[in-house]
Amino acid sequence: MNHQPPILFWGLDLSRSSIALKRLKAKFDVVVNVISVLIALGGLVSLGYWVYLHQDWMITSPLKFLSFYQETSLWLLLFFVSIIFDMFLYYRSSEHRAQQKKINRHTHQKKIEVSSGLSDYSLHFVEDAYLLAAKLKQGEVTARHLFRSVLTDKQVKILLVRLDVDLKTLVEKLKNHLVVDTQGSKLAGLANTTKDILVKAYASAWNESRESVDALDLFFCAYGQDELVQEILYDQEITANKIENAIKWFRVNEQMLANFKIYRKMARLKPGSGMDRAYTAVAAPTLDHFSHDLTLMAKYGYLEICVARDKEIRAIFEAMESGHAGVLLVGPVGVGKRSIIEGLAQLMVKEEVPAFLKDKRLVELDISRLIGGTSPAEAQDRLLNVLGEAMHSKNVILFIDNIETIVGISSGSGGSLELSEVLSDALTRQNIFCLACASSENYSKYIEEKSLGEIMTTVGVSEPEHDHAIQILESKVGVFENKYNVYINYHAVEQAVAMSSRYINDKFLPEKAINILQLTAVKVAKSSKGQGFCSQDDIAAVISEQTGIPVSKVGESETEKLLSLEKNIHARMIGQEEAVTAISGSLRRARAELRESKRPIASFLFLGPTGVGKTELAKTVAEVYFGDEDYMIRLDMSEYQLADSVKKMIGDSSPGSLGYLTEAVRKKPFSLVLFDEVEKAHPDVLNLFLQMMDDGRLTDGQGRTINFTNSIIVATSNAGALYIEEAVAKEVDMSIIKQELVDNQLNKVMRPELINRFDGIIVFKPLSFDNVISITKLMLAKIKKNLELKGIDLVASEAGVKELARQGYDPKFGARPLRRLLQDKTENQIANLFLAHSIKRRDVVVIDENGDVQVEKGREL
Numbered sequence: 001m002n003h004q005p006p007i008l009f010w011g012l013d014l015s016r017s018s019i020a021l022k023r024l025k026a027k028f029d030v031v032v033n034v035i036s037v038l039i040a041l042g043g044l045v046s047l048g049y050w051v052y053l054h055q056d057w058m059i060t061s062p063l064k065f066l067s068f069y070q071e072t073s074l075w076l077l078l079f080f081v082s083i084i085f086d087m088f089l090y091y092r093s094s095e096h097r098a099q100q101k102k103i104n105r106h107t108h109q110k111k112i113e114v115s116s117g118l119s120d121y122s123l124h125f126v127e128d129a130y131l132l133a134a135k136l137k138q139g140e141v142t143a144r145h146l147f148r149s150v151l152t153d154k155q156v157k158i159l160l161v162r163l164d165v166d167l168k169t170l171v172e173k174l175k176n177h178l179v180v181d182t183q184g185s186k187l188a189g190l191a192n193t194t195k196d197i198l199v200k201a202y203a204s205a206w207n208e209s210r211e212s213v214d215a216l217d218l219f220f221c222a223y224g225q226d227e228l229v230q231e232i233l234y235d236q237e238i239t240a241n242k243i244e245n246a247i248k249w250f251r252v253n254e255q256m257l258a259n260f261k262i263y264r265k266m267a268r269l270k271p272g273s274g275m276d277r278a279y280t281a282v283a284a285p286t287l288d289h290f291s292h293d294l295t296l297m298a299k300y301g302y303l304e305i306c307v308a309r310d311k312e313i314r315a316i317f318e319a320m321e322s323g324h325a326g327v328l329l330v331g332p333v334g335v336g337k338r339s340i341i342e343g344l345a346q347l348m349v350k351e352e353v354p355a356f357l358k359d360k361r362l363v364e365l366d367i368s369r370l371i372g373g374t375s376p377a378e379a380q381d382r383l384l385n386v387l388g389e390a391m392h393s394k395n396v397i398l399f400i401d402n403i404e405t406i407v408g409i410s411s412g413s414g415g416s417l418e419l420s421e422v423l424s425d426a427l428t429r430q431n432i433f434c435l436a437c438a439s440s441e442n443y444s445k446y447i448e449e450k451s452l453g454e455i456m457t458t459v460g461v462s463e464p465e466h467d468h469a470i471q472i473l474e475s476k477v478g479v480f481e482n483k484y485n486v487y488i489n490y491h492a493v494e495q496a497v498a499m500s501s502r503y504i505n506d507k508f509l510p511e512k513a514i515n516i517l518q519l520t521a522v523k524v525a526k527s528s529k530g531q532g533f534c535s536q537d538d539i540a541a542v543i544s545e546q547t548g549i550p551v552s553k554v555g556e557s558e559t560e561k562l563l564s565l566e567k568n569i570h571a572r573m574i575g576q577e578e579a580v581t582a583i584s585g586s587l588r589r590a591r592a593e594l595r596e597s598k599r600p601i602a603s604f605l606f607l608g609p610t611g612v613g614k615t616e617l618a619k620t621v622a623e624v625y626f627g628d629e630d631y632m633i634r635l636d637m638s639e640y641q642l643a644d645s646v647k648k649m650i651g652d653s654s655p656g657s658l659g660y661l662t663e664a665v666r667k668k669p670f671s672l673v674l675f676d677e678v679e680k681a682h683p684d685v686l687n688l689f690l691q692m693m694d695d696g697r698l699t700d701g702q703g704r705t706i707n708f709t710n711s712i713i714v715a716t717s718n719a720g721a722l723y724i725e726e727a728v729a730k731e732v733d734m735s736i737i738k739q740e741l742v743d744n745q746l747n748k749v750m751r752p753e754l755i756n757r758f759d760g761i762i763v764f765k766p767l768s769f770d771n772v773i774s775i776t777k778l779m780l781a782k783i784k785k786n787l788e789l790k791g792i793d794l795v796a797s798e799a800g801v802k803e804l805a806r807q808g809y810d811p812k813f814g815a816r817p818l819r820r821l822l823q824d825k826t827e828n829q830i831a832n833l834f835l836a837h838s839i840k841r842r843d844v845v846v847i848d849e850n851g852d853v854q855v856e857k858g859r860e861l
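So the sequence shown is numbered by the numbering used here: it starts at 1 and just counts up by one.
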């Protein structure tokens with residue numbers, strides 16, 4: 001029969017008189033305690049003074065001195081009286097501890113009155129809320145009254161500081177909504193919602209196995225019941241999720257302190273050597289030589305606390321209880337596999353483990369020491385001796401980190417076993433129990449097909465969830481703050497998790513976030529004279545250094561960056577107003593997070609004749625959106641026309657075989673990826689686009705997952721170019737042209753499901769002569785800028801610009817002939833003048849009406 005949880009209710013009646021009487025009694029108790037302490041101290045002073053008066057007795061009559069209690073003296077009388085007060089103080093202290101309200105988790109009561117779980121200190125906030133409601137002449141004590149009263153608590157104030165909340169502003173806004181009720185309602189007591197708060201606070205403390213309800217419980221539960229309080233804090237960018245994570249930060253610190261006390265207590269019981277408490281274990285000198293005792297390290301507090309790993313630890317216990325001889329933790333590097341093992345060692349010290357693990361040692365085998373400086377045959381003998389001693393000791397649980405290191409090592413003699421087979425054999429006979437860790441990649445390569453992989457049950461360890469990663473980082477903050485003399489608030493911790501998760505894709509949480517936070521602490525400490533403050537901007541700066549993402553681009557608001565996108569694009573992109581407007585709108589929607597977070601930032605298909613600016617627009621978007629044109633990765637799809645081009649794109653499993661696409665994005669995930677002339681790619685290559693644009697990821701040939709969620713995907717195509725030219729010449733509306741292309745032109749070169757994956761299909765019109773004139777001016781402006789670095793100016797007449805545009809204009813090839821013309825006719829002539837020393841500083845290069853280069857000599861100094 002399942003035990004039903006008890007019913008929780010609030011049954012304590014409050015009144016101003018009962019509160020006043022209780023507080024008067026508390027003050028009286030303080031006065032009594034102070035007087036008693038003073039008398040007790042006075043007794044010690046009296047005894048000291050009497051000893052001072054009779055110090056000669058210590059020399060002349062030591063026996064008489066020792067029988068001082070037989071002497072008649074006022075000072076001794078005062079001392080003996082003070083002993084009575086000492087006993088009185090001890091009695092009051094014991095009575096106070098006995099009367100302290102605690103949550104009784106072992107009760108069989110069907111109903112529990114929750115005020116029994118509130119300490120006098122916590123109950124004080126409820127009473128303050130009652131008195132505040134009475135003062136304001138309001139009918140009930142609401143969540144808002146309780147929230148206001150709990151803001152005076154020291155822990156709550158520290159919590160708000162960690163969350164970077166302006167306490168003064170919060171109190172002022174609350175005060176504006178806590179006004180005197182002019183109707184003068186009679187106070188009826190606690191509102192039902194307030195009673196719910198107190199019940200929830202009690203349940204929270206119960207579920208977390210804490211002794212009593214504290215101010216943080218009341219704070220969080222009161223916050224959850226009052227929408228106004230939620231709105232006030234939301235204006236300071238504080239949500240329930242952030243408050244909950246910050247409170248867990250305090251809980252972790254409390255747990256670390258509690259663990260320290262428990263370890264000190266259990267240290268008296270836990271043996272300080274390899275012997276068990278019953279002294280039945282066998283000495284294991286070889287094992288001790290090649291290992292480290294993790295339970296002993298936990299006993300003396302050398303291991304860091306394990307946070308948010310309950311699920312994995314439960315999985316280990318279940319595997320052990322099911323009769324398996326070994327458990328292998330498998331997961332990517334950096335997800336915290338070793339931390340789980342250390343957490344298990346701490347639980348073993350506290351005896352909070354199943355019965356078969358109690359009074360056991362968790363011993364880590366030092367593989368590098370075991371196999372280092374010796375032959376494979378001797379290493380095998382060492383391992384056999386270690387396993388033999390572990391088996392006979394009967395109180396040892398072995399742990400092997402990076403267990404793949406023992407695979408493939410054997411003596412080489414006939415019939416010899418490699419080290420992993422030796423371990424497998426011992427586990428098969430169930431003489432010992434072994435825990436081990438391996439990375440996902442090494443498990444697949446070295447262990448899965450071996451007997452070791454069959455015997456040991458695997459427990460997968462994945463990246464912790466966002467909130468769990470924050471809580472793990474919070475447990476490290478105290479160490480970083482003390483070590484580097486910095487202050488780290490909650491937002492910096494959250495930023496480290498969020499940004500490392502988003503921008504660092506070749507490493508895993510929580511390790512990558514811990515590294516970012518530590519690097520930030522080091523950087524801030526070096527740049528600060530006193531105590532440094534780690535802010536979100538500091539985290540962003542370190543992320544920028546590690547990934548190459550411009551920090552200013554990360555730190556700016558999502559909307560502000562793109563408000564003037566059209567203007568910025570047209571500063572270097574002529575014409576194509578419809579295309580620029582369409583892509584700007586798509587990017588704004590993406591940047592405002594109106595997109596699926598597991599897809600690329602945006603994906604576009606650019607259609608149009610050659611030379612109309614498709615590639616130029618992609619370059620411009622890379623510069624405007626990412627901060628630099630270098631953030632564009634370009635692949636010419638005419639080089640991927642064969643069936644084996646997939647291997648070229650993503651690589652294969654052979655060592656050193658890396659894909660051009662996947663490796664480029666792995667190194668530069670914050671980028672624009674341009675697939676030029678996409679219609680020329682092999683259909684198998686195009687199939688990769690489906691996964692890339694659907695899931696925002698690709699798996700390369702090495703088995704690594706490459707993240708595309710921080711990339712913009714742009715594919716260009718000349719499909720339907722002739723139709724576009726003819727339709728534009730006939731002044732057909734662009735929406736009709738686009739629909740015709742999608743319905744009847746594109747499906748000849750692409751599958752419909754791929755076409756539908758693009759966020760936008762952008763149609764580029766052929767360039768007009770006026771467009772080419774404007775492009776000519778832009779290209780000449782670039783030449784002018786380069787010449788200005790050498791102290792030379794460039795001036796182009798309007799007639800000269802038009803002549804160059806006329807010579808370089810070709811409706812079929814767009815602006816490309818113009819670029820070649822300027823290289824041949826303008827840049828080459830200027831280069832020849834430099835080589836002939838016919839041009840120098842302060843000279844002016846003039847483009848005349850024929851488009852030719854002339855030089856006007858500058859003034860001589």
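Built from N, CA and C at the ideal position, the CB exists for glycine as well.
*According to DSSP, which residues form a beta bridge with Asp676?*
Answer is Asp636, bridged to Asp676.
*Excluding five sequence neighbours on each side, which residues of the same chain lie with their C-beta closer than 8 Å to the C-beta of Phe480?*
Correct list, in chain order: Val486, Ile488, Leu517, Gln518 and Ala521.
_Alpha-carbon to alpha-carbon, Asn832 and Glu849_ = Taking the Cα positions, Glu849 is about 21 Å away from Asn832.
*Cα separation between Asp695 and Trp10?*
Near 50 Å, if we compare the C-alpha coordinates of Trp10 and Asp695.
*If you follow the alpha helix (DSSP H) that Phe220 is part of, which residue opens it and which one closes it?*
Start and end: Ala215 to Gln225.
_If you measure between the beta carbons of Asp759 and Phe604, is that distance less than 8 Å?_
Taking 8 Å as the cut-off, the Cβ atoms of Asp759 and Phe604 count as close.
*Smallest Cα separation from Asn33: which of Ile847, Val141, Leu661 and Asp86?*
Comparing Cα-Cα distances from Asn33 to each of Ile847, Val141, Leu661 and Asp86, the minimum goes to Asp86.
*At least 3 beta-carbon pairs within less than 8 Å: the segment 604–622 vs the segment 659–677*: Counting Cβ pairs under 8 Å, three or more are found: they touch.
*Reducing DSSP to helix, strand and coil, say where Gln823 ends up.*
It is helical.
*What residue ranges within the segment 602–648 form continuous beta strand (DSSP E) runs of no fewer than 3 residues, ordered along the chain?*
The qualifying runs are 602–607 and 632–636.
_Span separating the alpha-carbon of Lys668 from that of Gly613_ = Straight-line Cα distance between these residues: approximately 25 Å.
*Inspect the CB distances between the segment 421–441 and the segment 328–345 and report whether three or more fall short of 8 Å.*
Contact holds: three or more Cβ-Cβ distances are below 8 Å.
*Helix or strand or just coil, what does DSSP make of Asp293?*
If DSSP states are grouped into helix, strand and coil, Asp293 belongs with the strands.
*Distance, Cα to Cα, Tyr223 vs Lys168?*
Cα to Cα, the separation comes out at about 17 Å.
*asked:* Mapping the DSSP letters down to three states, classify Asn707 as helix, strand or coil.
replied: Here Asn707 sits in strand by DSSP.
*Between the segment 169–176 and the segment 75–91, are three or more C-beta pairs nearer than 8 Å?*
Too few Cβ pairs lie closer than 8 Å, so no.
*asked:* What does the Cβ neighbour count give for Ile504, buried or exposed, with the cut at 16 atoms within 10 Å?
replied: Residue burial annotation: Ile504 is buried, with at least 16 other C-beta atoms found within 10 angstroms of its C-beta.
*Is Gln236 helix, strand or coil when you go by DSSP?*
DSSP, reduced to helix, strand and coil, places Gln236 outside both helices and strands of the structure shown, so it counts as coil.
*Do the CB positions of Ser711 and Val665 come within less than 8 Å of each other?*
Contact flag set, yes.
*DSSP state of Tyr487, grouped into three classes?*
It is a strand residue.
*For Asn786, does the count of other Cβ atoms within 10 angstroms reach 16, so buried, or fall short, so exposed?*
Asn786 comes out exposed.
*asked:* Considering only their Cβ atoms, is the gap separating Arg361 from Leu286 smaller than 8 Å?
replied: Correcting the residue identity first, residue 286 is Thr in this sequence and not Leu. Arg361 is positioned such that its CB atom lies no closer than 8 Å to that of Thr286.
*Could you have a look at Glu351 and say whether DSSP puts it in helix, strand or coil?*
Here Glu351 sits in coil by DSSP.
_Between which two residues does the alpha helix (DSSP H) holding Gly48 run?_
Segment Arg16 to Leu53, the alpha helix (DSSP H) holding Gly48.
*Work out the CA separation of Ala20 and Tyr234 for me, nearest whole Å.*
Rounded to whole angstroms, the separation of the alpha carbons of Ala20 and Tyr234 is 36 Å.
*Does DSSP put Glu474 in a helix, in a strand, or in coil?*
In this structure, Glu474 counts as helix in the three-state DSSP scheme.
*Could you give the residue range of the alpha helix (DSSP H) that holds Arg382?*
Pro376 to Ser393 is the extent of the alpha helix (DSSP H) around Arg382.
*Would you kindly check if the distance between the Cβ of Lys337 and the Cβ of Val461 is under 8 Å?*
At a Cβ-Cβ threshold of 8 Å, Val461 and Lys337 count as neighbours.
*Excluding the five sequence neighbours on either side, which residues of its own chain have a C-beta within less than 6 Å of the C-beta of Tyr446, listed in chain order?*
Taking C-beta separations shorter than 6 Å and ignoring five residues to either side along the sequence, the partners of Tyr446 in its chain run Glu404 and Val407, following chain order.
*So what's Ser887 in DSSP terms, helix, strand or just coil?*
Because the chain is modelled from 1 through 861, residue 887 falls outside the range shown and cannot be assessed.
*Would you report the Cα separation of Glu227 and Thr239, rounded to the nearest angstrom?*
Glu227 and Thr239 have their C-alpha atoms some 12 Å from each other.
*Measure the alpha-carbon distance for Asn718 versus Asp636 and round it to whole angstroms.*
Taking the straight line joining both Cα atoms gives about 13 Å.
*Does the beta-carbon distance from Gly326 to Phe433 come in below 8 Å?*
In this structure, the beta-carbon distance from Gly326 to Phe433 falls below 8 Å.
*Taking C-beta to C-beta, are Leu794 and Leu780 nearer than 8 Å?*
Yes, they are a contact pair.
*Given that a residue counts as buried once 16 or more other Cβ atoms are within 10 Å of its Cβ, and exposed if not, what is Lys242?*
Answer is buried; the Cβ neighbour count reaches 16.
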